[in-house]
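So the sequence shown is residues 60 to 347, counted in our numbering. Think of the CB as a built atom: it goes at the ideal place given N, C-alpha and C, for glycine as much as any other residue. Data block below; observations after.
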Amino acid sequence: MDDVARVRDTSDPLARVRLATEAVSAYQEAINELGQIRRDAVEELRSQGLTLTQIAERAGVSRARLSQLGTARPKPERALLSTGDSVTIAVPVEAAAYPQGDAGRPVIHREDAEFVERISQLAKSYGLSSTTEYVGPSDFIDMNREGLVVTCGPRQSPWLEQVLSADPNYGFEHDQHGWYLEDKVTGTRHRSPQDRDESGDYAYLGVLPRPDGQGGWLYAAGIHAAGSRGAALYLAENIKELYTEVRGALWSCLVRCEYEPDSRELLRADLVEPVKRRGRLKQRKTTR
60 MDDVARVRDT
70 SDPLARVRLA
80 TEAVSAYQEA
90 INELGQIRRD
100 AVEELRSQGL
110 TLTQIAERAG
120 VSRARLSQLG
130 TARPKPERAL
140 LSTGDSVTIA
150 VPVEAAAYPQ
160 GDAGRPVIHR
170 EDAEFVERIS
180 QLAKSYGLSS
190 TTEYVGPSDF
200 IDMNREGLVV
210 TCGPRQSPWL
220 EQVLSADPNY
230 GFEHDQHGWY
240 LEDKVTGTRH
250 RSPQDRDESG
260 DYAYLGVLPR
270 PDGQGGWLYA
280 AGIHAAGSRG
290 AALYLAENIK
300 ELYTEVRGAL
310 WSCLVRCEYE
320 PDSRELLRAD
330 LVEPVKRRGR
340 LKQRKTTR
């Protein structure tokens with residue numbers, strides 16, 4: 060291979076060390092990705108009813124080699140939440156006055172608490188632990204972390220508007236009538252049914268790039284808090300299909316949810332604007 064020949068022919072031994080290390084790292088990343096692609100393909104064929112023996116025969120590889128993939132590996136769609144072993148769920152808090160004193164105490168909306176519970180349970184089902192991070196109106200979030208899930212909207216955290224501008228397809232906008240979600244390509248605007256005293260809301264769901272360029276973070280936020288939990292419901296119900304469609308890419312979609320007006324229990328969550336990919340997601344480099 061050209062890279063190997065280039066490293067071998069380098070006369071400076073220190074340069075050979077550096078070039079060889081860089082090449083090994085690059086090839087290891089490719090090997091890891093190809094291994095994941097192979098595992099996904101085997102899992103897809105097994106879901107179609109084929110046995111490992113049949114897959115091996117038709118693919119022209121040994122059954123022993125396929126068996127090395129193992130059945131205890133994490134399910135591939137888990138990567139939508141984290142490629143590590145945990146998730147951090149960032150939710151907004153607001154100050155509220157209490158009868159015992161004038162000082163405001165941080166409180167979390169009921170719907171945001173439900174969002175945390177839904178994401179935590181989804182993470183647990185994939186063997187991931189979870190922690191909750193509470194974000195005040197003026198707080199910034201460290202987005203250069205693996206397994207980050209954020210539900211703060213630009214209404215609570217204005218700096219998110221700039222972050223969301225990286226998505227050419229969907230985003231939050233506002234005018235004299237309030238906040239809405241927009242398809243930036245078609246110009247279609249989705250205003251919350253909740254603003255018309257109806258039992259529904261819209262939400263943004265997708266993966267945005269980390270500032271350090273080493274992966275992405277999951278963003279799920281409604282126009283109101285009700286929409287955020289709708290996005291969590293849609294993710295939980297469709298995570299396998301989403302992974303199949305977007306694996307290895309930045310992506311986003313818009314979700315509409317409906318809830319029971321009295322109990323506010325979620326009834327359903329569906330796509331209102333389709334999933335759109337927008338470039339490859341650069342994976343975090345692994346250090347040992």
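Buried or exposed (CB count within 10 angstroms, at least 16 for buried), residue i
i      : result
Tyr318 : buried
Ser121 : exposed
Asp226 : buried
Thr147 : buried
Arg177 : buried
His236 : exposed
Arg288 : buried
Gly186 : exposed
One or two residues paired with residue i in a DSSP bridge
i      : result
Cys312 : Leu264
Arg248 : Glu241
Val150 : Tyr193
Tyr229 : Asp242
Pro213 : Looking at the DSSP assignment, Pro213 forms no beta bridge with any residue, so it has no partner.
Glu136 : Glu136 is not bridged to any residue.
Asp234 : Gly237
Glu317 : Gly259, Arg327
Cβ-Cβ distance between residue i and residue j below 8 Å
i      : j      : result
His283 : Ser258 : no
Trp218 : Phe199 : yes
Ser188 : Ser126 : no
Arg336 : Val314 : no
Where residue i falls: helix, strand or coil (DSSP)
i      : result
Ser179 : helix
Asp62  : helix
Val101 : helix
Glu88  : helix
Ser188 : strand
Pro165 : strand
Residue range of the unbroken beta strand (DSSP E) whose run includes residue i
i      : result
Lys335 : 325-339
Ala290 : Unbroken run through Ala290 is the alpha helix (DSSP H), 284-305; no beta strand (DSSP E).
Ala275 : The sequence given here places Gly at residue 275; Ala does not occur at that position. That run of the beta strand (DSSP E) goes 275-281.
Leu207 : 207-209
Range of the contiguous alpha helix (DSSP H) that encloses residue i
i      : result
Leu140 : Leu140 -> no alpha helix (DSSP H), and no H or E assigned at all.
Val222 : 219-223
Ile114 : 111-118
Ser126 : 122-126
Near the ligand SAM: residue i beta-carbon under 7 Å from a heavy atom
i      : result
Cys316 : In the structure shown, the ligand SAM is absent, as is every other ligand, since no ligand is present at all.
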